[in-house]
Amino acid sequence: MRKLPLHQLHDSHSIRHRPSPNSAVFITLIVKVPIIQILTMMTGLFMIALEFPLPQLKSLAIHRSIVLRIVILLFQTFLAILFYQASFVQ
Numbered sequence: 001m002r003k004l005p006l007h008q009l010h011d012s013h014s015i016r017h018r019p020s021p022n023s024a025v026f027i028t029l030i031v032k033v034p035i036i037q038i039l040t041m042m043t044g045l046f047m048i049a050l051e052f053p054l055p056q057l058k059s060l061a062i063h064r065s066i067v068l069r070i071v072i073l074l075f076q077t078f079l080a081i082l083f084y085q086a087s088f089v090q
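Position 68, counted from 1, in the sequence shown is what my numbering calls 68; the numbers after and before it change by one each time, with no gaps.
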C-alpha cells in the first residue's frame, strides 16, 4: 500500500459528494423552489390560528374540530419528514 503525503490525504477526503439522480425531485422541491418549507410554515401558522383564535372565531365549528387538527398535524408531520430527509441527501 502506497502512503500518500499528508496534503494529498487531506484532499482525498474532501471530495464533494453529489446527490444521486433519484433525489432530483427533492432537490427541486426544497432547494430550487422551497415548496415544502412554505407549506410547513403555512400549516404551522394555521395550527397556531386554530389554537389561539380571535374571540369571534371561537364559536365556529372549525375551531372545535379535533379531526381537522389531527389531519393537519399528520400532514405537517409528513412535510417535516420530507424536509428532514431531503436535507441530508447524499
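Glycine included, C-beta positions come from ideal geometry on N, C-alpha and C.
The structure displayed is predicted, hence computed values, not measured ones.
Classification of residue 77 by the beta-carbon crowding that lies within 10 angstroms, buried from 16 upward: If you draw a 10 Å sphere on the C-beta of residue 77, you find fewer than 16 other C-beta atoms in it, and that means exposed.
Do you know how far the Cα of residue 84 is from the Cα of residue 31? If you take the alpha carbons of residue 31 and residue 84, they lie about 13 Å apart.
Roughly how many whole angstroms lie between the Cα atoms of residue 65 and residue 23? Distance between the alpha carbons of residue 65 and residue 23: 37 Å.
Any non-hydrogen atom of the ligand ATP within 6 Å of residue 37 CB: With respect to small molecules bound, the structure shown includes none, and the ligand ATP cannot be examined in it.
Could you tell me the distance, in whole angstroms, from the CA atom of residue 18 to the CA atom of residue 29? Using only the alpha carbons, I get a separation of about 17 Å.
Could you check what DSSP says for residue 20 in three-state terms: helix, strand or coil? DSSP places residue 20 in coil when its eight states are reduced to three.
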